[in-house]
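Contents: one structure, followed by commentary.
In my numbering, the protein residues as written are 2 to 384.
Laid out in structure tokens, this is it:
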């Protein structure tokens, strides 16, 4: 179950020496074709890392033949030398594969302001090229981990074709995307234009709805590669559905691995005037430190939910809001209803349901609680 489950892909994960732990820290994913269609989405943060600046140009023609990723250093705000390192890594991959550097997406993750050792990266690329295998998807998924406690992988089978994916991320999860690197692969025949449509539809309801802490990273990249090796062309709706399932699976794995979190929280907004309103309300609650600390303390404080709703521009009547926590409607018509003592916040999974009574649209935003462990982890690490 990995990015090499679809036909036409090889991968590798090796030790380049960027991590002090000596763990794998460089991954390579290669599309052997026969097609090389691709699409990507990147962070919307205006402060972007060197690999983003490089890769945004690479993907413009819809052709990507390889993705190289390193953990151990974000290569962000490392000056002209940092960009030259990104370029050199792409050139090294291209030389090994006999392709153009303009068809190589480069991704990095780790500390901002840390200059990656260029020679270590280049040697790592050579080692990864030598280790390429259709069986090495797990190694690649392990190599992109930073503070992740586990690797994240998913596969969905279609009718004679499949979609695979790997992701990393365990904090700074906020739209657009998260502090994450994601590579998706498929052996379906999907032209680049359709890949772009499907990817944007999939990320809109998966990664873009994940809001762990309201902090947006500088290195976020999601790239999908289509080899066409199955020879099967699925309908765009069928492919989009499969891609969305993989992205949602990976997003939930990212949420479960959020640094130091005790609860995963699904905030579902019902009967909104628009989907945008539903997302805005859900995200406002997800970003409330007061609400998130209340969940950590197992306190079903629905007043903090209403206070967060009130900061939005969504359509609703402040005097007519309903809120449920783990299925218990603690607030009806903006007044106390069921006894909050009946809400069990012991389980790791928490649901919050908000009824705006303003329309028929809905959306779910996912977040986690704010814990002592999260503060401790992020007082020493940033990416």
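Glycine is no exception: its CB is placed at the ideal position from the N, C-alpha and C atoms.
By the neighbour-count criterion, in which a residue is buried when 16 or more other Cβ atoms sit within 10 angstroms of its Cβ, residue 158 is exposed. Under DSSP, residue 121 takes part in no beta bridge, so it has no partner. Between the alpha carbons of residue 257 and residue 112 lies a distance of about 22 Å. Each residue's CA atom was taken as its position, placing residue 31 and residue 7 some 12 Å apart. If the five residues before and after residue 53 are omitted, its C-beta is found closer than 6 Å to the C-beta atoms of 43, all from its own chain and listed in chain order. Under the 8 Å Cβ criterion, the region 231-249 does not count as touching the region 348-362, having fewer than three qualifying pairs. A contact between stretches requires three or more CB pairs, one per stretch, nearer than 8 Å, and the region 319-338 fails this requirement with the region 232-244.
If you compare the alpha carbons of 88, 78 and 104 with that of residue 224, the shortest gap goes to 104.
Along the region 24-106, the alpha helix (DSSP H) occurs as fully enclosed runs of 4 or more residues at 51-59 and 80-98, listed in sequence order.
About 14 Å separates the beta carbons of residue 185 and residue 170, which is beyond the 8 Å limit, so they are not a contact pair. Contact between residue 76 and residue 97 does not hold, since the beta-carbon distance rounds to 20 Å and is not under 8 Å. In the DSSP annotation of this structure, residue 242 is not part of any beta strand (DSSP E); the continuous alpha helix (DSSP H) holding it starts and ends at 237-257. Ranking 148, 162 and 188 by CA distance to the CA of residue 110 puts 148 first. Under the DSSP assignment, residue 310 falls in the alpha helix (DSSP H) whose first and last residues are 303-310.
A contact is defined here as three or more CB-CB pairs under 8 Å, and the region 316-324 meets this definition with respect to the region 332-343.
The straight-line gap separating the alpha-carbon atoms of residue 210 and residue 182 is approximately 16 Å. The Cβ atoms of residue 279 and residue 364 sit closer than 7 Å to each other. Per DSSP, the beta bridge partners of residue 10 are 32.
Annotated as distal: residue 346 and residue 294, with beta-carbon spacing of 7 Å or more.
DSSP lists 158 as the bridge partner or partners of residue 163. Inter-residue distance for residue 45 and residue 57 is about 12 Å (C-alpha atoms, whole angstroms).
Non-local beta-carbon contacts of residue 313 in its own chain, meaning distances under 6 Å to residues more than five positions away in sequence, involve 281, 282 and 285 in chain order. The three-state secondary structure of residue 139, taken from DSSP, is helix. Non-local beta-carbon contacts of residue 276 in its own chain, meaning distances under 6 Å to residues more than five positions away in sequence, involve 362 and 364 in chain order. With 16 or more neighbouring CB atoms inside 10 Å of its own CB, residue 154 falls in the buried class. In the three-state reduction of the DSSP assignment, residue 213 falls in the coil class. Annotated as distal: residue 227 and residue 63, with beta-carbon spacing of 7 Å or more.
Around the beta-carbon of residue 373, fewer than 16 other beta-carbon atoms lie within 10 Å, marking it exposed. For residue 308 and residue 203, the gap between their C-alpha atoms comes out near 31 Å.
By the criterion of a C-beta distance shorter than 7 Å, residue 26 is surrounded in its chain by 16, 17, 19, 20, 71, 72, 73 and 144, once the five residues flanking it on both sides are discounted. Approximately 4 Å separates the beta-carbon atoms of residue 129 and residue 13; this is inside 8 Å, confirming the contact.
Inclusion of residue 290 and residue 369 in the CB contact set at 7 Å is not warranted, their separation being larger than that value. Minimum Cα-Cα distance from residue 141 among the listed residues 233, 188 and 29 corresponds to 29.
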